[in-house]
Ligand SMILES: [Zn+2]
């Protein structure tokens, strides 16, 4: 919190103040001036504007050492809302969050392409006033090169016309990172990363308060970081991608290779879906089945090698593990990743790397989508071009 980022009020000052108030939880105007280097009059003007717009509010006073009470300010949660839709293979996860990233509504429905209708049903079911909804973000997994995928640019254009609201699109792992950044109140000064485990393995990064997107909104393909140059072939065209060793698919395949474990967990049942089979293995692993534990722990070991390379490349200070892949056995992954980073992270003599587990791993991409909308509305300037188009 000590670094002075700017000394003049400019277009980024407003986003800076919102971000600092968000991560500080409560703060005074004097502290804001200290942290930002902006003048007291600039802070007063910006804070007055943000209070008038319902983005922040005063929450009483704290004692000051000089005897004059300081008024504290905080983000106002329930004045405005962002909506996020996460398109899964068979479902749409619909989430509404308030300005702090707190979830105010969630629904999972069968996959539909009628997203405008879904938006109307979801928001009216929650009784959210239309004029308090800042927009919608739709997120989906990134396909392999050449694989068919929803045309998110077309989805965005259609939906913004039908809804008359801002519509953003993003890949699911990047959205999840922004959601964790926003709702965990991570400071914009932390180099923050998020690992998203689902059918694939993705990552997202937030630097200086902004999601890092790369040249084509494709940053964070952690699953295709090779951990073995001559290893298992991957549909992406490379070999030894960590996704071939640590994804839900790879875990189910490894467990099926152990006949007694496979029989015990019913993995041979042709009706069992990938996620149901994976969850059966993860559940058995955390309940002390040694064979199931060995399968998950091995996957976590492979993942931790890839995460260490990622942390070294970017000098990250804090990472969160999220996604449906860590919903049940996240503690096994967190322990492995923590151990590996403590022993081998290049930065370990200078700073530790905090490793945390998401509080809502299954909904993280939908929450992140909704948080993208909130950030674009109240701390603009971090989403140049609004999103990929
Ligand atoms: Zn690959």
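In this note's numbering, the protein residues as written are 81 to 469. Every residue, glycine too, gets a C-beta built ideally from N, C-alpha and C. What you are looking at is a predicted structure, and each value in this text was computed from that prediction instead of being measured.
Taking DSSP as the reference, what is the three-state secondary structure of residue i?
| i | result |
| --- | --- |
| residue 153 | strand |
| residue 309 | coil |
| residue 204 | helix |
| residue 290 | strand |
| residue 108 | strand |
| residue 268 | coil |
| residue 273 | strand |
| residue 322 | coil |
| residue 467 | The predicted model places residue 467 with a pLDDT of 42, which falls under 50 and marks its position as unreliable; any figure quoted below should be read in that light. DSSP places residue 467 in coil when its eight states are reduced to three. |
| residue 392 | helix |
| residue 282 | strand |
| residue 338 | coil |
| residue 301 | coil |
| residue 421 | helix |
| residue 345 | coil |
| residue 457 | helix |
| residue 197 | helix |
| residue 364 | helix |
| residue 295 | coil |
| residue 84 | In this prediction, residue 84 has a pLDDT of 45, which is less than 50 and means its spatial position is unreliable; nothing more can be read from the coordinates. |
| residue 353 | coil |
| residue 231 | coil |
| residue 429 | coil |
| residue 441 | helix |
If you draw a straight line from the alpha carbon of residue i to that of residue j, how long is it in whole angstroms?
| i | j | result |
| --- | --- | --- |
| residue 229 | residue 205 | 30 angstroms |
| residue 408 | residue 342 | 18 angstroms |
| residue 162 | residue 193 | 20 angstroms |
| residue 215 | residue 354 | 33 angstroms |
| residue 135 | residue 154 | 9 angstroms |
| residue 255 | residue 105 | 22 angstroms |
| residue 264 | residue 339 | 42 angstroms |
| residue 432 | residue 209 | 44 angstroms |
| residue 321 | residue 349 | 28 angstroms |
| residue 158 | residue 272 | 26 angstroms |
| residue 137 | residue 131 | 5 angstroms |
| residue 458 | residue 334 | 46 angstroms |
| residue 424 | residue 414 | 15 angstroms |
| residue 286 | residue 222 | 18 angstroms |
| residue 356 | residue 189 | 17 angstroms |
| residue 281 | residue 198 | 28 angstroms |
| residue 377 | residue 440 | 22 angstroms |
| residue 394 | residue 270 | 12 angstroms |
| residue 133 | residue 126 | 11 angstroms |
| residue 226 | residue 317 | 11 angstroms |
| residue 212 | residue 456 | 14 angstroms |
| residue 240 | residue 164 | 14 angstroms |
| residue 346 | residue 196 | 39 angstroms |
| residue 83 | residue 368 | Residue confidence is low: residue 83 scores 45 on pLDDT, short of 50, so the model does not pin down where it sits. Its coordinate-derived value is still stated next. In a straight line, the C-alpha of residue 83 is about 47 angstroms away from that of residue 368. |
| residue 242 | residue 200 | 11 angstroms |
Which partner residues does residue i have in the DSSP bridge list?
| i | result |
| --- | --- |
| residue 137 | 154 |
| residue 436 | 400 |
| residue 163 | 176, 216 |
| residue 189 | 172 |
| residue 251 | 220 |
| residue 183 | 177 |
Is residue i near ligand 3, with its Cβ less than 8 angstroms from a heavy atom?
| i | result |
| --- | --- |
| residue 221 | In terms of ligand content, the structure shown lacks ligand 3 and carries ligand 1 instead. |
Does the beta-carbon distance from residue i to residue j come in below 9 angstroms?
| i | j | result |
| --- | --- | --- |
| residue 184 | residue 217 | no |
| residue 389 | residue 305 | yes |
| residue 289 | residue 299 | no |
| residue 444 | residue 176 | no |
| residue 470 | residue 352 | The structure shown does not extend to residue 470, since the chain is modelled only from 81 to 469, so the question has no answer here. |
| residue 401 | residue 437 | yes |
| residue 276 | residue 252 | yes |
| residue 235 | residue 249 | yes |
| residue 260 | residue 448 | yes |
| residue 262 | residue 454 | yes |
| residue 122 | residue 103 | no |
| residue 392 | residue 358 | no |
| residue 173 | residue 446 | yes |
Does residue i get closer than 9 angstroms to chain D when you measure Cβ to Cβ?
| i | result |
| --- | --- |
| residue 387 | The structure shown contains no chain D, having only a single protein chain. |
(message) Give the residues whose C-beta lies closer than 5 angstroms to at least one heavy atom of ligand 1, in chain order.
(response) Proximity to ligand 1 was defined by a C-beta distance below 5 angstroms to any of its heavy atoms, and the residues meeting it, in sequence along the chain, are 304, 314, 316, 318, 321.
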